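Chemist:
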Amino acid sequence: VIIDSQPLTVAILASLLFGESIGVVGAAGLVLGVVGLLLLELPALSLEGSNSSLWGSGEWWMLLAAQSMAVGTVMVRWVSKYSDPIMATGWHMVIGGVPLLVISILNHDPAISGGLKELNTNDILALIYTSIFGSAISYGVYFYNASRGSLTKLSSLTFLTPMFASIFGFLYLGETFSELQLLGALVTVAAIYMVNYRTGTISNIK
Numbered sequence: 001v002i003i004d005s006q007p008l009t010v011a012i013l014a015s016l017l018f019g020e021s022i023g024v025v026g027a028a029g030l031v032l033g034v035v036g037l038l039l040l041e042l043p044a045l046s047l048e049g050s051n052s053s054l055w056g057s058g059e060w061w062m063l064l065a066a067q068s069m070a071v072g073t074v075m076v077r078w079v080s081k082y083s084d085p086i087m088a089t090g091w092h093m094v095i096g097g098v099p100l101l102v103i104s105i106l107n108h109d110p111a112i113s114g115g116l117k118e119l120n121t122n123d124i125l126a127l128i129y130t131s132i133f134g135s136a137i138s139y140g141v142y143f144y145n146a147s148r149g150s151l152t153k154l155s156s157l158t159f160l161t162p163m164f165a166s167i168f169g170f171l172y173l174g175e176t177f178s179e180l181q182l183l184g185a186l187v188t189v190a191a192i193y194m195v196n197y198r199t200g201t202i203s204n205i206k
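Structural data, given as structure tokens:
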């Protein structure tokens, strides 16, 4: 839920910086989208207490990741004035990926220190697919459109991420939907429609 909540931040930043207006119905759609995420994702979460710290639990990192994605979505509007958005996407991944690689090495991540030897052919193919189609191409298209269209409309589509994950989990992993999750999927689709139907801009972005 935390990692997929970045459309809320994008909507606020786009309104403040570019004058995008989503209206009352659009704002309600954003809130409804978060409700849909809760219905989709919370049934799969454990309700047991955890002794992990805020940093150790990963929740703080997910929040930072969501806000970083939101800021990056908004910043591409300025970056595209001086650079091709596709090239900017490439540098975005290099600048973000290299520090993570260094941190993994310094922390003796199992994937770096011998874990790669245990990967089979299917694991490698999945990694290649995720790197090319799930990262390079998809983010390239995303940021290309962010440099031209409505930021709020575009970011609202990320509400679909957990829904598609659930669908493919059902098709390929035999996972099942609960009635609550099905309701969450319907609520999410309705929320995206509300945001895209009502979203507009007060002034043109040159």
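Residue numbering for the sequence shown follows UniProt numbering, beginning at 1 and increasing consecutively.
In this text, a Cβ means the ideal position worked out from N, Cα and C, and glycines have one as well.
Predicted, not measured: the structure shown is a model, and the values here were computed from it.
Start and end of the alpha helix (DSSP H) containing Leu40?
Modeler: What you label residue 40 is simply residue 40 of the sequence shown in a count that begins at 1. Gly23 to Glu41 is the span of the alpha helix (DSSP H), which, as asked, contains Leu40.
Chemist: Are the Cβ atoms of Met163 and Leu40 separated by less than 8 Å?
Modeler: Along the sequence shown, one-based indexing puts residue 163 at 163. Along the sequence shown, one-based indexing puts residue 40 at 40. Cβ distance < 8 Å, so Met163 and Leu40 count as in contact.
Chemist: Which of the three DSSP states is assigned to residue 215 in this structure?
Modeler: In the structure as shown, the chain begins at 1 and stops at 206. Residue 215 is therefore absent and cannot be evaluated.
Chemist: Between Ala14 and Glu20, how many whole angstroms is the CB-CB distance? I'm expecting something under 8 Å.
Modeler: In the sequence shown, the residue the question calls residue 14 occupies position 14. In the sequence shown, the residue the question calls residue 20 occupies position 20. That pair is a contact at about 4 Å.
Chemist: May I have the straight-line CA-CA distance separating Pro7 from Leu30, to the nearest angstrom?
Modeler: Sequence index remark: in the sequence shown, residue 7 carries index 7 (1-based). Sequence index remark: in the sequence shown, residue 30 carries index 30 (1-based). Going from the Cα of Pro7 to the Cα of Leu30 covers about 7 Å.
Chemist: Checking 8 Å against the spacing of the C-beta atoms, do Ala196 and Ser155 come in under that value?
Modeler: Within the sequence shown, the letter at position 196 stands for residue 196. Within the sequence shown, the letter at position 155 stands for residue 155. Per the sequence shown, the amino acid found at residue 196 is Asn instead of Ala. No, Cβ-Cβ distance for Asn196 and Ser155 is not below 8 Å.
Chemist: Ignore the nearest five residues each way along the sequence and tell me which others in Ile125's own chain have a CB closer than 7 Å to its CB.
Modeler: The residue given as residue 125 occupies position 125 in the sequence shown. This sequence places Leu at residue 125; Ile is not what is there. Hits under 7 Å: none found.
Chemist: If you compare alpha carbons, which of Tyr172, Ile86, Gly36 and Leu16 is closest to Tyr139?
Modeler: Along the sequence shown, one-based indexing puts residue 139 at 139. Out of Tyr172, Ile86, Gly36 and Leu16, Ile86 has the C-alpha closest to the C-alpha of Tyr139.
Chemist: Helix, strand or coil for Glu179? Go by DSSP, reduced to three states.
Modeler: On the sequence shown, position 179 is the one that residue 179 refers to. Correct three-state label for Glu179: helix.
Chemist: Apart from the five residues on each side of it in sequence, which residues of its chain come closer than 8 Å, Cβ to Cβ, to Ser166?
Modeler: Counted from its first residue, the sequence shown places residue 166 at position 166. Excluding positions up to five away in sequence, the list reads Leu40, Glu175, Phe177, Gln181 and Ala185.
Chemist: Find out if the Cβ-Cβ distance for the pair Ala191, Leu32 is shorter than 8 Å.
Modeler: As a position in the sequence shown, residue 191 is number 191, starting the count at 1. As a position in the sequence shown, residue 32 is number 32, starting the count at 1. Contact: yes.
Chemist: Starting from Gly149 and walking both ways along the alpha helix (DSSP H), at which residues does that stretch end?
Modeler: In the sequence shown, counting from the first residue as 1, residue 149 sits at position 149. That residue, Gly149, is in no alpha helix (DSSP H); it is neither H nor E in DSSP.
Chemist: Quick check on Glu48: does DSSP put it in helix, strand or coil?
Modeler: Counting from one through the sequence shown, the residue named residue 48 turns up at place 48. Residue placement at Glu48 is poorly supported in this model, since its pLDDT is 45, which falls under 50; the coordinates still yield a value, given next. Glu48: coil per DSSP, three-state reduction.
Chemist: For Leu106, count neighbouring C-beta atoms within 10 Å of its own C-beta (all shown protein chains included) and say buried if the count is 16 or more, exposed if not.
Modeler: Position 106 of the sequence shown, counted from the start, is the residue given in the question as residue 106. It counts as exposed.
Chemist: I'd like the list of long-range same chain contacts for Gln67, defined as Cβ closer than 8 Å, with 5 residues on each side in sequence excluded.
Modeler: Position 67 of the sequence shown, counted from the first residue, corresponds to residue 67. If we look at Gln67 and ignore the five residues flanking it on each side, its Cβ neighbours are Gln6 and Thr9.
Chemist: Would you kindly work out how many angstroms separate the C-alpha atoms of Phe159 and Trp91, rounded to a whole number?
Modeler: Residue mapping note: residue 159 aligns to position 159 of the sequence shown, counting from 1. Residue mapping note: residue 91 aligns to position 91 of the sequence shown, counting from 1. Straight-line Cα distance between these residues: approximately 25 Å.
Chemist: Please work out which residues of its chain come closer than 7 Å, Cβ to Cβ, to Thr73, disregarding the five sequence neighbours upstream and downstream, and give them in chain order.
Modeler: Here the question's residue 73 lines up with position 73 in the sequence shown. Result list for Thr73: Val10, Ala146, Leu151 and Ser155, in chain order.
Chemist: Closest to Thr188 by C-alpha separation, out of Phe18, Ala65, Ile12 and Val35, would be which residue?
Modeler: Within the sequence shown, residue 188 is the residue found at index 188, counting from 1. Nearest of Phe18, Ala65, Ile12 and Val35 to Thr188, Cα basis: Val35.
Chemist: Mapping the DSSP letters down to three states, classify Thr201 as helix, strand or coil.
Modeler: Sequence index remark: in the sequence shown, residue 201 carries index 201 (1-based). Low per-residue confidence applies at Thr201: pLDDT is 42, beneath 50, and the placement is therefore not dependable enough to give any value.
Chemist: Pop quiz: Thr130 and Asp4 are said to be a contact at Cβ under 8 Å. What is the actual Cβ separation, rounded to whole angstroms?
Modeler: As a first step, residue 130 is located in the sequence shown; it is residue number 130 there, counting from the start. As a first step, residue 4 is located in the sequence shown; it is residue number 4 there, counting from the start. Incorrect: roughly 18 Å between the Cβ atoms, too far for contact.
Chemist: Should Val76 be labelled buried (16 or more other beta-carbon atoms within 10 Å of its own) or exposed?
Modeler: On the sequence shown, residue 76 is found 76 positions in, with the first residue counted as 1. Result: buried.
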